[in-house]
Amino acid sequence: MNGTDARRRILVVGNGIAGQSACDSLRTAGFDGSLTIVGDEPWTAYSRPALS
């Protein structure tokens, strides 16, 4: 793998609102590479209300 390939993949640790927001922001900014989200929850990601 060359350096260009490595920059096309991002690993996001945390399946909560911060991880989801990070992925949303990357897509909004034009990132079209691979996004992988790793979380501790036994279920898939879902929309959660933000805590104040």
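Residue 9 in our numbering sits at position 5 of the sequence shown, and the numbers go up by one each step. From the three backbone atoms N, C-alpha and C, an ideal C-beta is built for every residue, glycine too.
Nonlocal neighbours in the same chain, by C-beta distance under 6 Å from S38, ignoring five residues either side: By 1-based counting over the sequence shown, the position of residue 38 is 34. Here the set comprises R13.
Work out the CA separation of T32 and L15 for me, nearest whole Å. Translated into the one-based positions of the sequence shown, residue 15 becomes position 11. Translated into the one-based positions of the sequence shown, residue 32 becomes position 28. If you take the alpha carbons of L15 and T32, they lie about 17 Å apart.
As an exercise, report each continuous beta strand (DSSP E) stretch of at least 3 residues that is fully enclosed by the region 12-39, in chain order. Every unbroken stretch of the beta strand (DSSP E) spanning 3 or more residues and falling wholly within the region 12-39 is given here in chain order: 13-17.
By how many angstroms is the C-alpha of L30 removed from the C-alpha of D44? Numbered from its first residue, the sequence shown carries residue 44 at position 40. Numbered from its first residue, the sequence shown carries residue 30 at position 26. If you take the alpha carbons of D44 and L30, they lie about 22 Å apart.
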